[in-house]
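Below is one structure, written out as structure tokens, with a few remarks after it.
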Amino acid sequence: MPDLARLQLDAVSVSFPTPNGVFQALAPVDLTVPAGRFISLIGPSGCGKSTLFNVIAGLQAPTSGQVRVDGDDVTGMIGLVGYMLQKDLLLSWRTVLDNIVLGMEIRGVPVAEARERALPYLRKYGLAGFEHVYPSALSGGMRQRAALLRTLLTDTDIILLDEPFGALDAQTKSRMQDWLLQIWADFQKTVVFVTHDVEEAVYLSDDIYVMATRPGRIVERLDVPLARPRSRALVSDPRFIEIKEHCLSLLSHDTSDAPLAVA
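Residue 0 is where the sequence shown starts when you use numbering that gives the first Met the number 0, and the numbers rise one by one after that.
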């Protein structure tokens, strides 16, 4: 495995002033993601998953705590991680190829070189023949492929994926999950994935972090000891079912008054 980045959060918390006092959106979170690992965050709406992503990406300053990459304090620094939202945010006036190379352009790669580097990936990952069409001609799944390739080609070792398949139909979502596992194995990035779909989290992840709200925090980390590469047959595996049911049990309980767990 190449020398990839290790992500670490040290007691990261976020609070906001309100007319009624201070609102704690995120209690102190400790989280370590080993290099090349695929982890998922699951939890109810309002538990701080997106806030946590914004802190990792440097888009929001934490009230306390630090974000570290390979031991270096990178709190508040932008451009060190790739970040993909549920909406693909493809630019309508740029072709598929020119959307995919956008991240490389921003990082200073000449356009011609960026296109040359990107083209083999379009051909390998199901976008051959769509290089010069515009996003309006693509299906939802194809748009997400393009957006994910753009994120992966930004030359960052850490990738944040915030519900990238949440708006897709079930059949397309399943295909995209398998495609993501293939491309992750090829690129060997460190991935932090947010989803509301427990089965998706179990199928994709090495580890799952379950979050609770009031305030947002991690209440449990679950290891997913399922061999890779994975197939759809896993969903009937007793270990898969056990992990899924345990996650659902955690999410179904009001854990707002539970003690904080160190992840």
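In this text, a Cβ means the ideal position worked out from N, Cα and C, and glycines have one as well.
From a predicted model like this one, the values you see are computed outputs, not experimental measurements.
Looking at Ile-182 and Leu-160, is the spacing between their C-beta atoms short of 8 Å?
Numbered from its first residue, the sequence shown carries residue 160 at position 161. Numbered from its first residue, the sequence shown carries residue 182 at position 183. No. Outside cutoff.
Give me whichever residues DSSP pairs with Pro-16 in a beta bridge.
If you number the sequence shown from 1, residue 16 lands on position 17. In DSSP, Pro-16 forms a bridge with Val-21.
Could you check whether Ile-41 and Thr-194 sit closer than 8 Å to each other, using their CB atoms as the reference points?
Against the sequence shown, residue 194 aligns to sequence position 195. Against the sequence shown, residue 41 aligns to sequence position 42. Yes.
Considering only DSSP beta bridges, list what Arg-67 is partnered with.
For this step, residue 67 is matched to residue 68 along the sequence shown. Beta-bridge pairing links Arg-67 to Gln-7 and Asp-72.
To the nearest angstrom, how far is it from the Cα of Asp-87 to the Cα of Leu-147?
Counted from its first residue, the sequence shown places residue 87 at position 88. Counted from its first residue, the sequence shown places residue 147 at position 148. Approximately 8 Å between the Cα atoms of the pair.
For Arg-122, which three-state DSSP category applies?
Indexing the sequence shown from 1 puts residue 122 at position 123. Of the three classes helix, strand and coil, the one that applies to Arg-122 here is helix, per DSSP.
Could you say which of Arg-213, Arg-106 and Arg-229 lies nearest to Ala-200 if we only look at CA atoms?
Here residue 200 corresponds to residue number 201 of the sequence shown, with the count starting at 1. Nearest C-alpha to Ala-200: Arg-229.
For Phe-192, which residues does DSSP report across the bridge?
For this step, residue 192 is matched to residue 193 along the sequence shown. Ser-39 and Leu-160.
In the DSSP assignment, the alpha helix (DSSP H) including Ile-105 goes from what residue to what residue?
On the sequence shown, residue 105 is found 106 positions in, with the first residue counted as 1. Note, Ile-105: alpha helix (DSSP H), 101-105.
So the beta strand (DSSP E) Arg-216 belongs to, where does it begin and stop?
Mapped onto the sequence shown, residue 216 falls at position 217. Counting along the chain, the beta strand (DSSP E) containing Arg-216 begins and ends at 216-222.
Is it buried or exposed, Thr-50, if we count other Cβ atoms within 10 angstroms and call 16 or more buried?
In the sequence shown, counting from the first residue as 1, residue 50 sits at position 51. Thr-50 should be labelled buried.
Measure the C-alpha to C-alpha separation of Thr-31 and Ile-207 and round it to an integer number of angstroms.
For the purposes of this step, residue 31 is taken as residue 32 along the sequence shown, with counting starting at 1. For the purposes of this step, residue 207 is taken as residue 208 along the sequence shown, with counting starting at 1. Cα to Cα, Thr-31 sits roughly 12 Å from Ile-207.
Whether Val-95 touches Leu-126 by CB criterion (8 Å)
Taking the sequence shown and counting its residues from 1, the one referred to as residue 95 is at position 96. Taking the sequence shown and counting its residues from 1, the one referred to as residue 126 is at position 127. Closer than 8 Å, so yes.
Burial state of Ile-97 (16 or more Cβ within 10 Å)
Mapped onto the sequence shown, residue 97 falls at position 98. The amino acid at residue 97 is misidentified as Ile; the sequence shows Asp. Burial call: buried.
Same chain only: Cβ atoms within 6 Å of Phe-164, ignoring 5 sequence neighbours per side:
Working through the sequence shown from its first residue, we reach residue 164 at position 165. Only Lys-172 and Met-175 meet the Cβ criterion.
Less than 8 Å between the CB atoms is what I'm expecting for Ala-169 and Gly-139, so what's the real figure, rounded?
For the purposes of this step, residue 169 is taken as residue 170 along the sequence shown, with counting starting at 1. For the purposes of this step, residue 139 is taken as residue 140 along the sequence shown, with counting starting at 1. Not a contact, Cβ separation roughly 12 Å.
Through-space distance from Pro-33 to Gly-20, alpha-carbon basis
Walking along the sequence shown from the start, residue 20 turns up at place 21. Walking along the sequence shown from the start, residue 33 turns up at place 34. C-alpha separation (whole angstroms): 37 Å.
DSSP puts Gly-81 in a beta bridge; with which residues?
Position 82 of the sequence shown, counted from the start, is the residue given in the question as residue 81. For Gly-81, which the question treats as bridged, DSSP gives the partners Ile-158.
Among Asp-71, Gly-78 and Asp-69, which one has its Cα closest to the Cα of Asn-53?
Here residue 53 refers to the residue found at position 54 when the sequence shown is read from its first residue. For the residues Asp-71, Gly-78 and Asp-69, the minimum Cα distance to Asn-53 belongs to Gly-78.
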